[in-house]
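Visitor: First the structure, which I've put down as structure tokens, then a few questions once you've had a look.
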Amino acid sequence: MLHEIDGGIEWHGGHQVVRVEPWGADSVRVRAGLHRLRWDIPGALGERPGTDAKTGIEGGTARLANGEITAEVGDDGMLRFLRTSSQAELLAEQRAHFWWPGPRAYTSTGNGYYRIEQRFAAYEGERVFGLGQHTHGLFDQKGAVVDLVQRNAEVSIPFLVSSRGYGLLWNSPAVGRVELAGNGTRWVSDSARQIDYWVTAGPDPASVMANYADATGHAPMLPEWASGFWQCRLRYRTQDELMEVAREHRRRGLPLAVIVADFFHWTHLGDWRFDPLEWPDPAGMVRELREMGTELMVSVWPSVSPLSENFAEMQRRGLLVATEQGPPVHADWADKGVEGKVQVSFYDATNPEARAFVWDKVRRNYLDLGVRVWWLDGCEPEIKPGHQHNLHYSAGPGDEVANIYPAEHARGFYEGMRAAGEAEVVTLCRSAWAGSQRYGAALWSGDIPATFASLRTQIRAGLNVAMSGIPWWTTDIGGFHGGDQDSPEYRELLVRWFQYGVFCPLLRLHGFREPFVDRLHPQMTGGPNEVWSYGEEVYERLRDLLFLRERLRPYVMERMRAAHETGMPPMRPLFVDFPADERAWDVGDAFMFGPDLLVAPVAEYGAREREVYLPEGTRWRDPYSGDVLPGGAVARLPAPLERAPVLVREGASVPVAG
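Residue numbers (my numbering): 3 to 660.
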């Protein structure tokens, strides 16, 4: 049965109910369930915006037209999504079988929860981008099976952009997967109560992404200081050690926007305060750094050790993630002053009271000392083993809501900072979900290997993050795990990675370098990782790159303004700027940095030139040679070790070569 409801359409068939509503410009939201629809399941969409949508039912088919998207619902409950202006099919549901099941399947997992499947048709030649950040190394994700679960270096943001001109948000934080197969697309939730997704249409990818930003939230304006160089290593053990590095930057005349106090600066996990024996005057440290033009970023983990001064109260008040069976223990981890590991818990970021508790500690112990930049490490959260079915959050069972955790964790810091009168909020997060961008969340690619293969993977991963609505992104320059300062191959990798990082939204050097030290956990650290740590030849190249970034900062901030206002990420695939160029859709090893720079990183050891496809419709200038190259063709460009190929759109003025 079909009928119109409050500007939308509802279909009932058997025990199923399907509701289709206009939800922002050129967009619709679909919810489906058994018996009834629920309103208490968290998601990424805000309040329903007003639209001029039109609905009608004729001849057994209901239609909802909202700008450039039209949703059709048949009397059998099957949905199709069309481009309104041409009536071309964008996406349509597909039955799994001619008899049973249909496009939606609910298999009971008990107590009103179901293994849910939602099926759509596959289309020849379709390309799919987005879906967060993954280590599979794919650019076009059509043909892939992608887990919908948060893990270190695997970030689930269930939003995709299709070459057919639509975007789809699977508005469910449930654990599951999406199968982008040649015979159909299937979204799966392992255990949930209903289907919820949002579809938008646009004439080009930029319009689709703008609609997504409107629906899930725009990133704040990046503070100007955050566009500079961030220095980090595993780890600075004391205040003196960190300050010596900052002062050395000043002595050498090197720019330094941010320096990081990493893990174990605390007394115990979950105390959320400096160890006074190693960091005796953090307020004075922050003041001196700020006089240098440098911000201190502090690592804040969501885990709580049983040795923490806060553990007993948080357990008593129910502020830790609960377990269905057994004590609230979620991982084993090293803690300060303890040999071996302790059994730690995670605070429940989906609980507003727990977020307020953690922020109060952070405010008293860090913000009141002047710290205002936050590194939210391990915020997947990093449970061991990674099974959510035994966890129960304030927002619901782990299987149904777990993927929202990193967004809610960032939300606590964003709301806390704003309540404290701080207008500029930046949190560096190891995980994210749909909507994380509205909380000032900058994503980085996690604990990745220090290899050329890893660098190649990061280039594609970063472009898919951009297509997932996260404009602030970076990597550990040089990779996280490993890196021998004396290795010629590693030194070249570091230079090539730095050349790439200069054109990432955020520029950050970090890593767990050799030689590793792990005799006692409180001393766990790694080798030096400063720009001068790799020999004079490498230092001179990295120094030049630091000043290149300084020249680019006004351009970077213009791009960040666009990201804030329109949802357009600074780093993006070529096809975003050149959607009519069919060949641009296949390029995953080069990218646009804003509208005027085409960046082609070198990610092969020993390479001193590389081929680059130049999109048609404009010409491209080599800022070093002055040569002007035609678009619509592949160019072979020089790539000496001192620079990677970067081209400027003809007519633009960007100070790449000084």
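Note that CB positions come from ideal geometry on N, CA and C, so glycine has one too.
Would you mind reading off the limits of the alpha helix (DSSP H) that contains His-411?
Guide: By one-based count along the sequence shown, residue 411 stands at place 409. First-last of the alpha helix (DSSP H) with His-411: 407–421.
Visitor: Would you say Cys-431 and Pro-408 are within 9 Å of each other, going by their C-beta atoms?
Guide: By one-based count along the sequence shown, residue 431 stands at place 429. By one-based count along the sequence shown, residue 408 stands at place 406. Yes, they are a contact pair.
Visitor: Quick one: complete alpha helix (DSSP H) runs, 4+ long, within the region 295–361?
Guide: For the region 295–361, whole alpha helix (DSSP H) runs of length 4 or above, ordered along the chain, are 313–318.
Visitor: Nearest by alpha-carbon distance to Thr-137: which of Val-648, Gln-345, Asp-588, Thr-477 is it?
Guide: Sequence index remark: in the sequence shown, residue 137 carries index 135 (1-based). Looking at the Cα atoms, Thr-477 is the closest of the given residues.
Visitor: Who are the near neighbours of Met-3 in its chain, counting only those whose CB is closer than 6 Å to its CB and skipping five residues on each side?
Guide: Taking the sequence shown and counting its residues from 1, one reaches residue 3 at position 1. Taken in chain order, the residues that qualify are His-14.
Visitor: For Gly-58, which beta-bridge partners are listed by DSSP?
Guide: For this step, residue 58 is matched to residue 56 along the sequence shown. Answer by DSSP bridge pairing, in chain order: Arg-65.
Visitor: Excluding the 5 residues flanking Glu-494 on each side, which residues of the same chain have their C-beta closer than 8 Å to its C-beta?
Guide: Counting from 1 along the sequence shown, the entry for residue 494 is found at position 492. Around Glu-494: Tyr-607, Gly-608, Leu-643.
Visitor: What does the Cβ neighbour count give for Lys-56, buried or exposed, with the cut at 16 atoms within 10 Å?
Guide: Locating residue 56 in the sequence shown gives position 54, counting from the first residue. Exposed, because fewer than 16 other Cβ atoms sit within 10 Å of the Cβ of Lys-56.
Visitor: Determine the burial state of Lys-338: buried for a count of at least 16 other Cβ atoms within 10 Å of its Cβ, exposed for fewer.
Guide: Translated into positions along the sequence shown, residue 338 becomes position 336. Lys-338 is buried by the Cβ-count criterion.
Visitor: Which of the three DSSP states is assigned to Thr-240 in this structure?
Guide: Walking along the sequence shown from the start, residue 240 turns up at place 238. Reduced to three states, the DSSP call for Thr-240 is coil.
Visitor: The alpha helix (DSSP H) with Thr-568 in it runs from where to where?
Guide: In the sequence shown, counting from the first residue as 1, residue 568 sits at position 566. Counting along the chain, the alpha helix (DSSP H) containing Thr-568 begins and ends at 538–568.
Visitor: Am I right that Ile-7 and Ala-64 are in contact with their C-beta atoms under 8 Å? What's the rounded C-beta distance?
Guide: As a working note, residue 7 is residue 5 in the sequence shown. As a working note, residue 64 is residue 62 in the sequence shown. Actually they do not touch by this definition, with Cβ atoms about 11 Å apart.
Visitor: Evaluate contact between the region 256–275 and the region 356–364, counting only Cβ atoms and requiring at least three cross-stretch pairs below 8 Å.
Guide: Cβ pair count under 8 Å is three or more, so yes.
Visitor: Please state if the CB of Leu-170 and the CB of Leu-162 are separated by a distance shorter than 9 Å.
Guide: Your numbering for residue 162 matches position 160 in the sequence shown. Your numbering for residue 170 matches position 168 in the sequence shown. Yes. Within cutoff.
Visitor: Going by Cα to Cα distance, which pick from Leu-36, Leu-509, Pro-575, Gly-114 is closest to Leu-550?
Guide: What you label residue 550 is simply residue 548 of the sequence shown in a count that begins at 1. Nearest C-alpha to Leu-550: Leu-509.
Visitor: Output the distance between the C-alpha atoms of Arg-645 and Cys-506, rounded to the nearest integer angstrom.
Guide: The residue labelled residue 645 in the question sits at position 643 within the sequence shown. The residue labelled residue 506 in the question sits at position 504 within the sequence shown. Looking at the two C-alpha atoms, the distance is approximately 15 Å.
Visitor: Quick check on DSSP: helix, strand or coil for Phe-83?
Guide: Here residue 83 is taken as the residue at index 81 of the sequence shown, counted from 1. Strand at Phe-83.
Visitor: Ignore the nearest five residues each way along the sequence and tell me which others in Leu-465's own chain have a CB closer than 8 Å to its CB.
Guide: The residue given as residue 465 occupies position 463 in the sequence shown. Phe-131, Phe-141, Met-573, Arg-574, Pro-575, Gly-590, Phe-593, listed in sequence order.
Visitor: Hey, would you say Gln-120 sits closer than 9 Å to Arg-106, going by beta carbons?
Guide: Within the sequence shown, numbered from 1, the residue matching residue 120 stands at position 118. Within the sequence shown, numbered from 1, the residue matching residue 106 stands at position 104. It is a contact, given that the beta carbons lie within the stated cut-off.
Visitor: Can you tell which of Pro-640, Trp-587, Tyr-626 has its C-alpha closest to the C-alpha of Arg-610?
Guide: What you label residue 610 is simply residue 608 of the sequence shown in a count that begins at 1. The shortest C-alpha separation from Arg-610 is found at Pro-640.
Visitor: I'd like the list of long-range same chain contacts for Met-562, defined as Cβ closer than 6 Å, with 5 residues on each side in sequence excluded.
Guide: Against the sequence shown, residue 562 aligns to sequence position 560. Here the set comprises Leu-224.
Visitor: State the DSSP-derived secondary structure class of Arg-38, mapped to helix, strand or coil.
Guide: The residue labelled residue 38 in the question sits at position 36 within the sequence shown. The answer is coil: DSSP assigns Arg-38 none of H, G, I, E or B.
Visitor: Tell me, to the nearest whole angstrom, how far the beta carbon of Glu-618 is from that of Gly-628; I am working on the premise that it is less than 8 Å.
Guide: Locating residue 618 in the sequence shown gives position 616, counting from the first residue. Locating residue 628 in the sequence shown gives position 626, counting from the first residue. No, Glu-618 and Gly-628 are not in contact; Cβ-Cβ is about 22 Å, not under 8 Å.
Visitor: Which term fits Arg-521, buried or exposed, when burial requires 16 or more other beta carbons within 10 angstroms of its beta carbon?
Guide: To locate residue 521, count along the sequence shown from 1; it is residue 519. In this predicted model, Arg-521 has a pLDDT of only 47, less than 50, meaning its place in the structure is not dependable; the value taken from the coordinates is given anyway. Exposed, by the Cβ-count rule.
Visitor: Within a Cβ cutoff of 8 Å, which residues of the same chain sit near Trp-268, ignoring the five residues on either side of it in sequence?
Guide: Residue 268 sits at position 266 when you count from the first residue of the sequence shown. For Trp-268, where only same-chain residues beyond five positions count, the Cβ hits under 8 Å are Trp-274, Arg-275, Phe-276, Asp-277, Lys-338.
Visitor: Can you confirm whether the region 554–571 touches the region 199–217 when touching is taken to mean that 3 or more C-beta pairs between the two stretches lie within less than 8 Å?
Guide: Yes: at least three Cβ pairs fall under 8 Å.
Visitor: Exposed or buried, what is Thr-109 when buried is set at 16 or more other beta-carbons lying within 10 Å of its beta-carbon?
Guide: Taking the first residue of the sequence shown as position 1, residue 109 is located at position 107. Label assigned to Thr-109: exposed.
Visitor: Let me check understanding here. Comparing Cα to Cα, which of Ser-165, Asn-113, Gly-204, Gln-135 lies closest to Gly-69?
Guide: Here the question's residue 69 lines up with position 67 in the sequence shown. Per the Cα distances, Gly-204.
Visitor: With the cut-off set at 9 Å, would you say Leu-279 and Ala-263 are in Cβ contact?
Guide: Within the sequence shown, residue 279 is the residue found at index 277, counting from 1. Within the sequence shown, residue 263 is the residue found at index 261, counting from 1. No, they are not a contact pair.
Visitor: So, using beta-carbon positions, are His-411 and Ala-463 closer together than 9 Å?
Guide: Within the sequence shown, residue 411 is the residue found at index 409, counting from 1. Within the sequence shown, residue 463 is the residue found at index 461, counting from 1. No.
Visitor: Where does the unbroken beta strand (DSSP E) through Leu-508 begin, and where does it stop?
Guide: Reading the sequence shown from its first residue, position 506 is the one you call residue 508. No beta strand (DSSP E) contains Leu-508, which DSSP labels as neither H nor E.
Visitor: Have a look at Ala-659 and Glu-552 and give me their C-alpha separation to the nearest angstrom.
Guide: Translated into positions along the sequence shown, residue 659 becomes position 657. Translated into positions along the sequence shown, residue 552 becomes position 550. Going by the C-alpha atoms only, they are around 12 Å apart.
Visitor: Check whether the Cβ of Tyr-615 lies closer than 9 Å to any Cβ atom in chain B.
Guide: Looking at the structure shown, chain B is missing, and only one protein chain is on hand.
Visitor: Identify which residue in Arg-166, Leu-133, Ala-155 has its Cα closest to the Cα of Tyr-125.
Guide: The count along the sequence shown starts at 1 and reaches residue 125 at position 123. Comparing Cα positions, the closest option is Arg-166.
Visitor: DSSP on Pro-603, reduced to helix/strand/coil?
Guide: Here residue 603 refers to the residue found at position 601 of the sequence shown. Of the three classes helix, strand and coil, the one that applies to Pro-603 here is coil, per DSSP.
Visitor: Could you tell me whether the region 441–453 touches the region 237–255, where touching means 3 or more Cβ pairs closer than 8 Å?
Guide: Short answer: they don't touch.
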